[in-house]
Amino acid sequence: MSIVTVQLGQCGNQIGREVFNAVCGDVHGTHGLCSKKENDSYHDACKERFFSEEESEVPVARAVLVDMEPKVISQTLSIAARSGYWKYDDRSHFCQKQGSGNNWANGYSVHGPRHKEVIMNLVQKEAEKCDRLSGFFTITSMAGGTGSGLGAFVTQSLRDAFPTSFILNHVIWPYGTGEVIVQNYNSVLTLSHLYQSADALLVHENDVIHKICAQLMNIKQISFRDVNQVIAHQLGSVFQPTYTAEGGLHYSRNPLGDLMETLVPHPEFKMLGLRNIPQMPENSLAYSTFSWPGLIKHLRQMLIANAKMEEGIDWQVRPPRLGSSIPSSHSTNKPLYFNTSIANLVILRGKDLHSVDLGSFRDPSLYTSWLNPQDAFNAWKTPRAFNKYEKSASLLKPLDNVVGKAWNMFASKAYIHQYTKFGIEEEDFLDSFTALEQVISSYTSL
Amino acid sequence: MTQSVVVQVGQCGNQVGCRFWDLALREHAAVNKKGIYDEALSSFFRNVDTRSGGDGPDIYKGKICSLKARALLIDMEEGVVNEILQGPLRDVFDSKQLITDVSGSGNNWAVGHKLYGYQYRENIVEKLRKTAEHCDCLQCFFIIHSMGGGTGSGLGTFVLNLLEDEFPEVYRFVTSVYPSGEDDVITSPYNSVLAMKELNEHADCVLPIENESLFDIVNKIHQMINSGKLGSTVKQNSLVTSSAGSAKTVQEKPFDAMNILTSSARFEGSLNMDLNEISMNLVPFPRLHYLVSSLTPLYTLADVNVPSRRLDQMFSDAFSRDHQLIQADPKHSLYLACALLVRGNVQVSDLRRNIERLKPSLHFVSWNQEGWKTGLCSVPPVGHSHSLLALANNTCVKPTFIELKDRFMKLYKKKAHLHHYLHIDGMEQSCFSEAISSLSDLIEEYNELDATKGGPRTDPSRLKIAV
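First to last, the sequence lines map onto chains D and L. Oh and the first sequence: position 241 is 241 in the UniProt record's numbering, straight run, nothing missing. Oh and the second sequence: position 32 is 32 in the UniProt record's numbering, straight run, nothing missing.
Quick look at the structure:
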């Protein structure tokens, strides 16, 4: 089944390009560890998911590019075409001239309704090209105007037009010390709207990826390109074909559906985070050896201690012992910083998979009391190496931070006139705040 | 790609505007080697075939035939505009883009605003419409004028008013040159305060510039060169600006600022920052739209691959008192918001590192502690390998306004020179009282914000959700 990607705004388009690059690169890479048959079926599954075949030999990405100013899209299209391995469909893009000025209201209330028809037409065309549509994957940032505002509007429109398809929103959490001053407002408005229309929100934080680049990848002068490549790599390792627990013989047919099923058991908890091990520069790979037990142990501790990368993990944090008399409504008795998961999905890629013992992930103390660990934990495997990673649903602290800062600014009424200019009133802000406080309180009471 | 139109009013506005066009041409010449008329050029220039008298349709692609600036030159006396038309830039301006008169405004705001405004209104509107029609997607008007005189101040603000009425959706950026304390025009306080009221109400963003600061900067450059401190490392090109005579140099600085502001609209980068984003991010309350600008570097060095330390120095300089274009010290006042636009080979990590480094020494308002807006453009400006423009919405503009108010009150109390203004049709005593109260309100708003500086931070309590 195929996934149609919708890239919105400068960030969305820049990342989308890297994702397709990564996926394509993986498919063409040599993996001597697998049999040819294995390679071929991987190749086919991947191709079907992301690319369509046209008369020209080069596969065409299943994507729609949207932006309110032309520079990024034209850059993206040309870089993709130059690679020679894949390209975008020349007609599947839409842009305007003026941009959205970092204004969520402009993206949502002005550009959205104005261009809804054109954009949905493009999406419809891409959807029709698929034999079977698994769902939509939208890539946006939360800080700007187009990705955030128009992105929220487009997600809503997708939900209306395709009520039975899955929608996974990939959102980029901006750097804590701003790229855009009104990013907290834009983020709050985006999240509250996306929560209603999307099935799940996969979050990548710029701060975290930046740290990974600096500390693990040893990049000295980090550019956005580096950040985007790390993100693309992580995304690729989610979406590339794997065997699910049930379908042991062929690659999973419904990637988005399976993802939702395993990770979003309750519609109140839609936010997903990603952890990837090992993460290191290309040239060091040849000199490193890994073993599954070591990787699993690190990953589990990363999960519990809420660490985002494999350096600086706090090994002191331990899950509470079951059977002790801890009343479930008091979270203060739990050790600090312990991360309770709702659901975890571990995706393993590489050789010797049969030897992997994932029992430590099945420990019930990792999960909330209302879910059986059997339901909460899943593992997907494939012998084809890309990288191993895992996902869980817990992003409380950044969300709390952003809402706090936005509320602070809102209390002094700063910048509100910029939004009311385009039709977003104070009540709309209050609605968004309420929705997100609700989410925060749900996550806190785990 | 969006277009911008420049409206230069008055003697100062035109002289200064000229330098801008000169710089813009040089920059595009440096980048656009093949002479193809591309989108970047079209943001400020039209490409026409002059054989058809410039009235023919614009040529959108292909080689450059003849570039015409998207500009309107207005002056109520002919001297300056004539000089421009005889100088090296004569081909860039069309005779249809000029509006001139003979007698000037006599340093009288009322003459500029009420008398000439009324007289030339139709003409101005028609020419503006024409220029706007030549634009595919007009994003912004840049108005350049001085505050102390008669034409720039009076007629300039009249045009501002007009732009709001006729083109409400287009942004209005105003670059205003404020009079210094020892200004030789006696009525400059009256003119400035009357103009301030208009700026308060009708401009989207104002970049105030003070001549004193420009003189200081130029002197510093001269000193650097003369003391041989930089020695042979100072490239000849950078001295073009200073050798052209101090009057001209002084005026070029703001145009560097304007150039950088629009560079993201014209060239590509990894984090584009557009003009509408500047307005969105830097103006938290509608009336507080005065942005203090500072520009680095002021001179260039021969090294092309500037090592990180020099780069960091560039950031530090942008916040120092010497590099600001008005006499103000932002470091000791309260920041409401700050934008950094970098051109050249600078990456996001350099930007973040410097922000982290400088943040502790700067005071930000409590509800905008991380109030930074950043933009990266990969094309460097002419003659430098990197440059940085810092735009800050900072309460340090308050002293400038307070001084202006004081000078105004000194004259007003004695009713000095008032009769020159009052005998113009449409001008009344209430104009003066309204103007001064508008300025006082503005100062009060800045005062209120300053009062929160350094106080204990009490965050408002969050919404409580019933579980």
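Glycine included, C-beta positions come from ideal geometry on N, C-alpha and C.
Item                                                                                                                       : Value
As assigned by DSSP and simplified to three states, the class of residue 294 (chain L)                                     : strand
Inter-residue Cα distance where the pair is residue 405 (chain D) and residue 94 (chain L)                                 : 51 Å
Cβ of residue 153 (chain D) within 8 Å of any chain L Cβ                                                                   : no
Neighbour flag for residue 248 (chain D) against chain L, beta carbons, 8 Å                                                : Note that residue 248 (chain D) scores a pLDDT of 49, beneath 50, so its modelled location is shaky; the value from the coordinates is reported in the next line. Residue 248 (chain D) does not count as touching chain L.
Residue-level contact to chain C via CB, residue 343 (chain L), 8 Å cutoff                                                 : You won't find chain C in this structure, because its protein chains are D and L.
Cβ neighbour criterion (16 or more within 10 Å) applied to residue 88 (chain D)                                            : buried
Buried or exposed by the 16-neighbour rule on C-beta atoms within 10 Å, applied to residue 260 (chain D)                   : buried
Enclosing beta strand (DSSP E) for residue 393 (chain L) [first to last residue]                                           : 386-394
Whether residue 462 (chain L) touches residue 173 (chain D) by CB criterion (8 Å)                                          : no
Near-chain L residues of the stretch 418-430 of chain D - C-beta to any C-beta below 7 Å                                   : 418
First through last residue of the beta strand (DSSP E) which encompasses residue 343 (chain L)                             : 334-344
Cβ-heavy atom distance, residue 163 (chain D) to the ligand GDP, below 7 Å                                                 : This structure lacks the ligand GDP, and indeed carries no ligand of any kind.
Simplified DSSP state of residue 103 (chain L), which is helix, strand or coil                                             : coil
For residue 14 (chain D), the nearest candidate out of D:70, D:36, D:46, D:59 (CA to CA)                                   : D:70
Short Cβ contact (8 Å threshold) for residue 132 (chain L) with residue 167 (chain L)                                      : yes
Continuous alpha helix (DSSP H) stretch holding residue 70 (chain D): start and end                                        : 70-83
DSSP state of residue 324 (chain L) mapped onto helix, strand, coil                                                        : strand
With 16 other Cβ atoms within 10 Å as the buried cut-off, status of residue 118 (chain D)                                  : exposed
8 Å contact criterion, which residue 339 (chain L) and residue 282 (chain L) should meet: CB distance rounded              : 6 Å
Spatially closest choice to residue 10 (chain D) from D:151, D:130, D:166, D:436, by CA coordinates                        : D:151
For residue 8 (chain L): DSSP bridge partner residues                                                                      : L:73, L:144
In chain order, each beta strand (DSSP E) run of at least 3 residues that lies wholly inside the stretch 85-139 of chain D : 93-95
Below-8 Å beta-carbon distance, residue 448 (chain D) vs any chain L residue                                               : The first residue shown for chain D is 1 and the last is 446, placing residue 448 (chain D) beyond what the model contains.
Where residue 180 (chain D) meets chain L, residues with beta-carbon distance less than 7 Å                                : 281, 373
Any C-beta of chain L under 8 Å from that of residue 97 (chain D)                                                          : yes
Whether residue 168 (chain D) touches residue 200 (chain D) by CB criterion (8 Å)                                          : yes
Proximal residues to residue 183 (chain L) (C-beta, below 6 Å), its chain only, five neighbours per side dropped           : 148
Any chain D beta carbon closer than 8 Å to residue 2 (chain L)                                                             : yes
Cα-Cα separation, residue 269 (chain D) to residue 3 (chain D)                                                             : 23 Å
Candidates L:329, L:204, L:380, L:426: closest to residue 29 (chain L) by CA position                                      : L:380
For residue 230 (chain D) and residue 212 (chain D), believed in contact at Cβ under 8 Å, the rounded distance             : 6 Å
Segment contact, 8 Å Cβ cut-off, at least three pairs: the stretch 183-198 of chain D with the stretch 220-227 of chain D  : no
Burial state of residue 102 (chain L), where buried means 16 or more other Cβ atoms lie within 10 Å                        : exposed
Whether residue 142 (chain L) touches residue 7 (chain L) by CB criterion (8 Å)                                            : yes
Bridge partner(s) assigned by DSSP for residue 364 (chain L)                                                               : L:335
Residue 102 (chain D) vs residue 145 (chain D) beta-carbon contact at 8 Å                                                  : yes
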